[in-house]
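From first to last, the protein sequence lines stand for chains W and L. Per the UniProt record's numbering, the first sequence starts with residue 1, numbered consecutively. Per the UniProt record's numbering, the second sequence starts with residue 1, numbered consecutively. Backbone N, C-alpha and C define an ideal beta-carbon position, used for all residues, glycine too. Here's the structure, in structure tokens; my notes come after.
There are 2 protein chains.
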Amino acid sequence: MPTEKTIAFVLYPGCTILDIVGPLQVLSTLPAFRPEYRAVVVAERLEPFETDTPLQVRASHTFADVPAPDVVVVPGGGGPTLRALTDETLLAYLRGAAPEARPTASVCTGALILGAAGLLSGRRATTHWAMLDALPEFGATPVRERWVSDGPVLTAAGVAAGIDMALHLTQELAGEEVARSVQYFIEYDPEPPLGGLDWDKAPRALGVMAGERWVRDGLGEHPLAERLVTRLKSGS
Amino acid sequence: MPTEKTIAFVLYPGCTILDIVGPLQVLSTLPAFRPEYRAVVVAERLEPFETDTPLQVRASHTFADVPAPDVVVVPGGGGPTLRALTDETLLAYLRGAAPEARPTASVCTGALILGAAGLLSGRRATTHWAMLDALPEFGATPVRERWVSDGPVLTAAGVAAGIDMALHLTQELAGEEVARSVQYFIEYDPEPPLGGLDWDKAPRALGVMAGERWVRDGLGEHPLAERLVTRLKSGS
Numbered sequence: 001m002p003t004e005k006t007i008a009f010v011l012y013p014g015c016t017i018l019d020i021v022g023p024l025q026v027l028s029t030l031p032a033f034r035p036e037y038r039a040v041v042v043a044e045r046l047e048p049f050e051t052d053t054p055l056q057v058r059a060s061h062t063f064a065d066v067p068a069p070d071v072v073v074v075p076g077g078g079g080p081t082l083r084a085l086t087d088e089t090l091l092a093y094l095r096g097a098a099p100e101a102r103p104t105a106s107v108c109t110g111a112l113i114l115g116a117a118g119l120l121s122g123r124r125a126t127t128h129w130a131m132l133d134a135l136p137e138f139g140a141t142p143v144r145e146r147w148v149s150d151g152p153v154l155t156a157a158g159v160a161a162g163i164d165m166a167l168h169l170t171q172e173l174a175g176e177e178v179a180r181s182v183q184y185f186i187e188y189d190p191e192p193p194l195g196g197l198d199w200d201k202a203p204r205a206l207g208v209m210a211g212e213r214w215v216r217d218g219l220g221e222h223p224l225a226e227r228l229v230t231r232l233k234s235g236s
Numbered sequence: 001m002p003t004e005k006t007i008a009f010v011l012y013p014g015c016t017i018l019d020i021v022g023p024l025q026v027l028s029t030l031p032a033f034r035p036e037y038r039a040v041v042v043a044e045r046l047e048p049f050e051t052d053t054p055l056q057v058r059a060s061h062t063f064a065d066v067p068a069p070d071v072v073v074v075p076g077g078g079g080p081t082l083r084a085l086t087d088e089t090l091l092a093y094l095r096g097a098a099p100e101a102r103p104t105a106s107v108c109t110g111a112l113i114l115g116a117a118g119l120l121s122g123r124r125a126t127t128h129w130a131m132l133d134a135l136p137e138f139g140a141t142p143v144r145e146r147w148v149s150d151g152p153v154l155t156a157a158g159v160a161a162g163i164d165m166a167l168h169l170t171q172e173l174a175g176e177e178v179a180r181s182v183q184y185f186i187e188y189d190p191e192p193p194l195g196g197l198d199w200d201k202a203p204r205a206l207g208v209m210a211g212e213r214w215v216r217d218g219l220g221e222h223p224l225a226e227r228l229v230t231r232l233k234s235g236s
């Protein structure tokens, strides 16, 4: 059997649950087809954390248990994700793991955490549409795509985009046939009842309001808060 | 403010995590637009449960805390979901809640749990494609659609179909504008990297094998196991 490969999903308090569960469902189905892979959920502590929903969640391993994963996936969220931008334990874990991970990936505003860890400098990246204008604060070039691959860093757009990104990653890791089999088993054949989204009609004002609230809730009076809000309001 | 409406997500050990989290993410975003709604996660006990991934989860309320929810959503899974078909505490909760709930909903093989609770008799319903042939065991007529609404019962196809069903339900509960706003915020604008699924090429033999394994793992020598396997193998 080939060398074991570990895919680590990074958990922190208050993250958006679908950001982590979408890719987790896809990539924890992978071992049924490629037994050398294993998925783990890592966190600073093995205790139940709140999420943005009433469901509480608990990691399977501590950061210390899995210092050098082969793949890293960081979920996003609202205020708690912005708060995580100043979580030095989390950032230190990512800085330690990123040099060997292929890729270090994010979903939604998880990209801002990669940015705060210094991993987006000079890279093209994406995030939730309401926070896209915040990316240059971390030296990144914002790109409006479903997922963006730049060197060892892979970023996805908001929330549900993590599923698409994870299927792309499955294809990269294990080929098209495995990716398609996973897609059949999770029956990912989307039929949004109102169809796809028309981005020309996106509620941008509501997006800026939400983004500003996430920043204020998460960072309070931290100097970074003002800089991020200025970027969101100026739209660049 | 209108009367509070409670949407209860039913948790049990070993369920497929995206089955519950997809609809949970959608329907716990609803209160931002319709504050009379609240989402809760109910289980027999408030302790961490395993899922089909390394993520552990914990409910917010016990069954006893929320005996009469306005909406019920039951996730599915593999072996543990089949085992839940004989969980009399879970079935009793559903039988107690269903008469008032609009709808009682399921995702994936959660439909079999509704069936075991006697809620699918004479109804059209759907489930994960690999278990569709098992539905007649519970008096239901299998329908190959993304979601199926029949009276007070709403069933979704496998795993990821729960997201589509929940957006449909959001539209039913709160109208098209709210459903679209939720869709923007969770950025559900799917781009499966390999496109949609071609069901003429679905791995049906693998599906029957998986279905049989789920039944054997979950029900062992229970008489229901033999009947379900026979249905899966005969394809009717």
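Closer than 7 Å to the CB of Pro54 of chain W there is at least one CB belonging to chain L.
In this structure, Ala92 of chain W sits away from Leu120 of chain W, with a CB-CB distance that is not shorter than 7 Å. A direct Cα-Cα distance of roughly 34 Å separates Ala174 of chain W from Leu27 of chain L.
The C-beta separation of Ser106 of chain L from Ala156 of chain L comes to about 7 Å, placing the pair in contact by the 8 Å criterion. Collapsing the DSSP output to three states places Ile7 of chain W in a strand.
Cβ contact annotation for Ser60 of chain W (same chain, cutoff 6 Å, sequence separation greater than five): Val40, Val41, in chain order.
Partner residues in the beta bridge of Tyr37 of chain L, as assigned by DSSP, are L:Lys5.
The C-beta separation of Thr16 of chain W from Val159 of chain W comes to about 6 Å, placing the pair in contact by the 8 Å criterion. Neighbours of Ala39 of chain W in chain L, taken as residues whose beta carbon is under 8 Å from its own, are Thr53, Pro54 in chain order. For His222 of chain L, the three-state secondary structure derived from DSSP is coil. Contact between Leu11 of chain W and Ile20 of chain W holds, since their C-beta atoms are separated by about 7 Å, short of 8 Å. Looking at the backbone, the Cα of Ala130 of chain W and that of Ala205 of chain W are separated by about 9 Å.
In the assembly as shown, Gly110 of chain W is a buried residue. Its beta-carbon has 16 or more other beta-carbons within 10 Å.
Residue burial is scored here from C-beta neighbours: Ser181 of chain L has at least 16 other C-beta atoms within 10 angstroms and is therefore classed as buried.
The continuous stretches of beta strand (DSSP E) do not include Ala111 of chain L, which lies in the alpha helix (DSSP H) extending over residues 110-116. No Cβ of chain W is located within less than 7 Å of the beta carbon of Gly175 of chain L. With respect to Val153 of chain L, Pro103 of chain L sits close: the two C-beta atoms are nearer than 7 Å. Our two residues, Ala101 of chain W and Glu226 of chain L, have alpha carbons roughly 46 Å apart in a direct line. Against chain W, a Cβ distance below 7 Å from Tyr188 of chain L picks out Ala160, Pro192. Taking CB atoms only, Ser60 of chain W has a neighbour in chain L less than 7 Å away. In the structure shown, Arg124 of chain L adopts extended strand secondary structure according to DSSP, grouped into three states. Along the segment 117-131 of chain L, the positions whose C-beta sits under 7 Å from a C-beta of chain W are His128, Trp129, read in chain order. For Leu154 of chain W, the enclosing beta strand (DSSP E) stretches over residues 153-156. Judged by DSSP secondary structure, Ser106 of chain L falls within the beta strand (DSSP E) whose first and last residues are 104-106. Shown here, Pro142 of chain L sits in a strand according to DSSP, grouped into three states.
CA-CA distance, Glu36 of chain W to Ile7 of chain W, rounds to 11 Å. Neighbours of Tyr184 of chain W in chain L, taken as residues whose beta carbon is under 7 Å from its own, are Leu197, Ala202, Pro203 in chain order. Nearest to Ala98 of chain L by C-alpha distance, out of L:Thr86, L:Pro223, L:Ile113, is L:Ile113. Residue environment: Trp214 of chain W is assigned as buried (16 or more neighbouring CB atoms within 10 Å of its CB, all protein chains considered). Across the segment 13-24 of chain L, CB contacts with chain W closer than 8 Å involve Thr16, Ile17, Leu18, Ile20, Val21, Gly22, Leu24, in sequence order along the chain. The closest CA to that of Asp52 of chain W, considering only L:Met165, L:Arg38, L:Thr230, is found on L:Arg38.
Cα atoms of Met165 of chain L and Val74 of chain L: separation of roughly 12 Å, rounded to the nearest angstrom. Where Asp164 of chain W is concerned, the enclosing alpha helix (DSSP H) starts and stops at 161-174. By the rule that beta-carbons nearer than 7 Å mark a contact, His168 of chain L touches chain W.
Residues of chain L with a Cβ closer than 8 Å to the Cβ of Arg146 of chain W are, in chain order, Asp189, Glu191. Excluding five sequence positions before and after Leu228 of chain L, the CB atoms of its chain that fall closer than 7 Å to its own CB belong to Ala134, Glu137, Val215, given in chain order.
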